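Single-structure report; data block below.
Chains as they are written, first to last, in my numbering: chain Z, 1 to 116; chain R, 1001 to 1107.
Written out as structure tokens, the structure is:
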């Protein structure tokens, strides 16, 4: 079974530009999560999409946005790039189960974004 | 105070050693707990979920103490391939990650 895939693997942009990152979840998974891992920092939750809707977002400015498509794949868009946006962006997917049940998130290999 | 706190290490241990990692979390309402493993410049991979009764998977044992808001991971008979960063993770949807504990197993 194929895992979570992400593209591109690396992305180089300059300040002020826009970046678009893509994620395909594991087949059958309806939830997609985005996390940012800046150098030397822990993973920070960015966004959660389920069934095409944004369900939750972390403490990030509105220039971080995204969407989920009918096939459950997802895009993360970062507008007006700043130097500190340079990081590894990780996508994870899970199968939403009933309330109270343990869900497991599986991560893709990430996209390394470098802002110059 | 960080939501999930871990000792960053590094823990340098010889092959065959037993090593224990601890983690504390601040949100007493947390319901789901995990240990992930992250190799250098790679994505995190689930090592094991942590259940209230404690659970074991081969050489790995995880414990949860809700009263103390404390999670532990014990690795027995360390292998060179266990060298990685171990992430303590709390939460059900928007996961909260600790900053990780580095383990280096030496021959």
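Positions of the beta carbon are idealized from the N, C-alpha and C atoms, including for glycine. Note that the coordinates shown come from a computational prediction; the quantities given were computed from them, not determined experimentally.
- Counting only the Cα atoms, residue 1106 (chain R) lies some 45 Å from residue 17 (chain Z).
- Per DSSP, the continuous beta strand (DSSP E) segment holding residue 1005 (chain R) begins and ends at 1004 to 1006.
- In this structure residue 1037 (chain R) is buried. Its beta-carbon is surrounded by 16 or more other beta-carbon atoms within 10 angstroms.
- Residue 1075 (chain R) is bridged by DSSP to R:1019, R:1060.
- Contact residues of the stretch 48 to 72 of chain Z toward chain R are 48, 55, 56, 58 (C-beta to C-beta distance below 8 Å).
- If you ignore the 5 residues before and after residue 49 (chain Z), its C-beta comes within less than 6 Å of the C-beta of 32, 68, 74, all in its own chain and listed in chain order.
- When the alpha-carbon of residue 1021 (chain R) is set against those of R:1047, R:1075, R:1093, R:1091, the nearest one is in R:1075.
- Contact of residue 25 (chain Z) with chain R by beta-carbon distance below 8 Å is absent, the smallest such distance being about 14 Å.
- Close to residue 1044 (chain R), with beta-carbon spacing below 8 Å, are these residues of chain Z in chain order: 43, 90, 107.
- Distance between residue 83 (chain Z) and residue 37 (chain Z), taken at the CA atoms: about 14 Å.
- Taking C-alpha positions only, residue 1061 (chain R) is separated from residue 28 (chain Z) by approximately 30 Å.
- The stretch 1010 to 1019 of chain R makes no contact with the stretch 1038 to 1058 of chain R, as fewer than three CB pairs between them are under 8 Å.
- The bridge partners DSSP lists for residue 92 (chain Z) are Z:33, Z:107.
- Rounded to the nearest angstrom, the gap between the Cα atoms of residue 14 (chain Z) and residue 1030 (chain R) is 39 Å.
- When rounded, the separation of the alpha-carbon atoms in residue 9 (chain Z) and residue 34 (chain Z) is 15 Å.
- The bridge partners DSSP lists for residue 1014 (chain R) are R:1106.
- Take the alpha-carbon of residue 1098 (chain R) and the one of residue 87 (chain Z): they are about 17 Å apart.
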